[in-house]
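S.K.: This structure is in structure tokens; I'll ask about it shortly.
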Amino acid sequence: MEGAKAHIFVCTNKTEHECLQRMLFGTSKLYADDVLATKLGDILFLLNTDSNVLYGVFRAKSDGRQNIVPEAWKGKYPYQVEVEPLRNIQSINNAKNILQKLGIEWHKPLSDSMSKRLLTFFLSKESEYLKQAAENKAWGLLTSEKVHNDQSSAAESKVISELEEEKPQLEATTLWDYPRQSYGKTPKGDNKYPGVTPAFIIWNLIQRYTEPGDLVLDPMAGSGTTLDVCKEEGRRCICYDIAPIRPDIIQNDSRKIPLEDNSVDMIFVDSPYGDNIRYNDHPDCIGKISSETNTFYEELEKVIRECHRVLKPGKVIGWLIGDQWVKKKFTPVGFNVYQRLSKYFETVDIVCVVRRGQASHTALWYNRARRFNFFLRGFKYLFIMRKPSGKPVKLGKRTVKWAYYDRDRGRASSS
């Protein structure tokens, strides 16, 4: 068990019994990475967020993977790991408060020192032998490693920060803002490439809308950000570009995609939004056409049509696009592209992605924008669209319960 790590899994009152009866912990696709990161021999704990009780200590009997027991929890939590108790299962009430006092945030990765503190706390509830083991070398007994002294709080914060940086967070709102282009220890795409896509966007899309092994397509791959993210997340990926800059991107015009109908599980497109960026010297590059002309949208619609053809019914395409302001004229490129997309796809949602690292985001341009009364582009649209499945959707009666507020609440009444 050398190199074992510790993880806190979560259950509710509805799922606790099945977790403990089956000796199986599970989660939904949204937290699949946490399960897939769990390896045989890792130390595990189970937190019931309803009753605020923490159970332990468990050991992983398997690597985390999908559908170990497909029928468990009626298929709602397919990412699973088999577990076994190390000794008698102990429980800790008021768990969230105790975790806070131990300096542990249960929804974040556990550093080695956090794991040792939590393990020691559990073992202190056992016999005198286990108390002694906890005080001296509890972690060593279970991981065959020497227990080192706790690091300083500053050093521990650095470790936690590094763990968190390995993966982005799954976005919960429709406003996405990323301080940098990539994440983790390996580059995704080339951050010097003109108009490079933030890797966080692609990561969020494939986490929400694909499964490991699914096929992802990027017909305008640029520096290959989509390819790099998919490789790291276990998705198959085909990337095309009219002027590829790396050998694993296939040369192809996105207006004619050489794939079979209904063969792709997700598509991501970060298309030009005019002729403002020089992507390459290829004469047929759509980025050489002005977005002030109808020709630009006609050519993009050819790409949209091809994406619709190769995408499987019910699957999702994410299209990243920005507007344009050139020589005192605004062009709503995003709205125009959305109109074309809507001819072929259903809208899932629309996200605003904050634009960072732009050449115009300097004190000089900010001063010009204020002085000459115009706005710099501050965001891009991410249109998340779905190819209709062709099956009639049966909707039951929808009951919407709005929370109404008194607009006069808090105002002083007039006499």
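The opening residue of the sequence shown carries number 30 in the numbering used here; numbering runs sequentially from there. Virtual Cβ for every residue (Gly too), placed ideally from N, Cα, C.
1. Taking C-alpha atoms, which residue in Asp257, Glu321, Val332 and Ala250 lies nearest to Ser211?
2. Checking 7 Å against the spacing of the C-beta atoms, do Leu73 and Ala89 come in under that value?
3. Starting from the N-terminal side, write out each stretch of the alpha helix (DSSP H) that is 4 residues or longer and does not extend beyond the stretch 369-440.
4. From which residue to which residue does the alpha helix (DSSP H) around Ile286 run?
5. Excluding sequence positions up to five away, which residues of its chain have a Cβ less than 6 Å from the Cβ of Asp179?
6. Please state whether the Cβ-Cβ distance between Val82 and Ser120 is less than 7 Å.
7. Measure the C-alpha to C-alpha separation of Ile379 and Leu204 and round it to an integer number of angstroms.
8. Taking the C-alpha atoms as reference points, what is the distance between Gly253 and Val332?
9. In three-state terms, what does DSSP make of Asn123?
10. So Trp102 packs on Glu47, CB below 8 Å; how close in whole Å?
11. Please classify Asp71: is it buried, with 16 or more other beta-carbons within 10 angstroms of its beta-carbon, or exposed?
12. Pick from Lys125, Gln50, Trp135 and Lys145: whose alpha carbon is nearest that of Ile112?
13. Identify, in the order they occur along the chain, each residue of the same chain with its Cβ nearer than 8 Å to the Cβ of Asn455, setting aside the five sequence neighbours on each side.
14. Using only the alpha-carbon positions, how far apart do Tyr308 and Arg385 sit?
15. Hey, Glu375 and Arg436 are a contact pair by Cβ (cut 8 Å); roughly how many whole angstroms apart?
16. From Asp313, Leu349 and Thr360, pick the residue whose C-alpha is nearest to that of Phe404; which is it?
17. So for Gln236, helix, strand or coil by DSSP?
18. Just how far apart, CA to CA, sit Thr428 and Asn402?
19. Within a Cβ cutoff of 6 Å, which residues of the same chain sit near Gln109, ignoring the five residues on either side of it in sequence?
20. Beta-carbon within less than 6 Å of Ser190's beta-carbon, same chain only, minus the 5 sequence neighbours each way: which residues are those?
21. Need the endpoints of the beta strand (DSSP E) that Lys196 sits in, please.
22. Please indicate yes or no: does the CB of Glu111 lie closer than 6 Å to some heavy atom of the ligand SAH?
23. Around the C-beta of His36, are 16 or more other C-beta atoms found within 10 angstroms, so that it is buried, or is it exposed?
24. So, is Gly425 buried or exposed, given that buried needs 16 or more other C-beta atoms within 10 angstroms?
25. Which two residues bound the contiguous alpha helix (DSSP H) that contains Arg275?
26. Let me check understanding here. Comparing Cα to Cα, which of Asp299, Lys34 and Ala250 lies closest to Pro276?
M.R.: So, from the data block:
1. For the purposes of this step, residue 211 is taken as the residue at position 182 of the sequence shown. The option with the nearest alpha carbon to Ser211 is Asp257.
2. The count along the sequence shown starts at 1 and reaches residue 73 at position 44. The count along the sequence shown starts at 1 and reaches residue 89 at position 60. Taking C-beta atoms as the reference points, Leu73 and Ala89 count as a pair closer than 7 Å.
3. Runs of alpha helix (DSSP H) with 4 or more residues, each lying fully within the stretch 369-440, are found at 392-400, listed in chain order.
4. Here residue 286 refers to the residue found at position 257 of the sequence shown. For Ile286, there is no enclosing alpha helix (DSSP H), as DSSP gives it neither H nor E.
5. By 1-based counting over the sequence shown, the position of residue 179 is 150. Residue confidence is low: Asp179 scores 44 on pLDDT, short of 50, so the model does not pin down where it sits. No coordinate-derived value is stated.
6. Counting from 1 along the sequence shown, the entry for residue 82 is found at position 53. Counting from 1 along the sequence shown, the entry for residue 120 is found at position 91. Closer than 7 Å, so yes.
7. As a first step, residue 379 is located in the sequence shown; it is residue number 350 there, counting from the start. As a first step, residue 204 is located in the sequence shown; it is residue number 175 there, counting from the start. Going by C-alpha positions, Ile379 is about 9 Å away from Leu204.
8. Counting from 1 along the sequence shown, the entry for residue 253 is found at position 224. Counting from 1 along the sequence shown, the entry for residue 332 is found at position 303. So the alpha carbons of these two residues sit roughly 18 Å apart.
9. Along the sequence shown, one-based indexing puts residue 123 at 94. In this structure, Asn123 counts as coil in the three-state DSSP scheme.
10. Here residue 102 corresponds to residue number 73 of the sequence shown, with the count starting at 1. Here residue 47 corresponds to residue number 18 of the sequence shown, with the count starting at 1. Contact annotation, Trp102 with Glu47: C-beta distance approximately 6 Å; criterion of less than 8 Å satisfied.
11. Residue mapping note: residue 71 aligns to position 42 of the sequence shown, counting from 1. With 16 or more Cβ atoms within 10 Å of its Cβ, Asp71 is classed as buried.
12. Taking the sequence shown and counting its residues from 1, one reaches residue 112 at position 83. Ile is not the amino acid found at residue 112; the sequence shown has Val there. Nearest option by C-alpha distance: Gln50.
13. The first residue shown for the chain is 30 and the last is 444, placing residue 455 beyond what the model contains.
14. For the purposes of this step, residue 308 is taken as residue 279 along the sequence shown, with counting starting at 1. For the purposes of this step, residue 385 is taken as residue 356 along the sequence shown, with counting starting at 1. So the two alpha carbons sit approximately 18 Å from each other.
15. Numbered from its first residue, the sequence shown carries residue 375 at position 346. Numbered from its first residue, the sequence shown carries residue 436 at position 407. No, Glu375 and Arg436 are not in contact; Cβ-Cβ is about 35 Å, not under 8 Å.
16. For the purposes of this step, residue 404 is taken as the residue at position 375 of the sequence shown. Phe404 has its Cα closest to that of Thr360, out of Asp313, Leu349 and Thr360.
17. Taking the sequence shown and counting its residues from 1, the one referred to as residue 236 is at position 207. Helix.
18. Residue mapping note: residue 428 aligns to position 399 of the sequence shown, counting from 1. Residue mapping note: residue 402 aligns to position 373 of the sequence shown, counting from 1. Straight across, the Cα-Cα distance linking Thr428 with Asn402 is about 46 Å.
19. Locating residue 109 in the sequence shown gives position 80, counting from the first residue. Scanning its chain for C-beta atoms nearer than 6 Å, with the 5 sequence neighbours on each side dropped, one finds around Gln109 the residues Leu53, Gly55 and Ile97, in chain order.
20. On the sequence shown, position 161 is the one that residue 190 refers to. For Ser190, the predicted model reports a pLDDT of 47, less than 50, meaning its position is unreliable; a value from the coordinates is still stated below. There are no such residues.
21. Position 167 of the sequence shown, counting from 1, holds the residue named residue 196. Boundaries for Lys196: no beta strand (DSSP E) harbours it, and the DSSP string shows neither H nor E there.
22. The ligand SAH is not part of the structure shown, which contains no ligands of any sort.
23. On the sequence shown, residue 36 is found 7 positions in, with the first residue counted as 1. Taking all protein chains in view, the Cβ of His36 is crowded by 16 or more other Cβ atoms within 10 Å, so the residue is classified as buried.
24. Stepping through the sequence shown from its first residue, residue 425 is reached at position 396. Flag for Gly425 reads exposed.
25. One-based indexing of the sequence shown puts residue 275 at position 246. Taken as a continuous stretch (DSSP letters only), Arg275 belongs to no alpha helix (DSSP H), as it is neither H nor E.
26. Taking the first residue of the sequence shown as position 1, residue 276 is located at position 247. Ranking Asp299, Lys34 and Ala250 by Cα distance to Pro276 puts Ala250 first.
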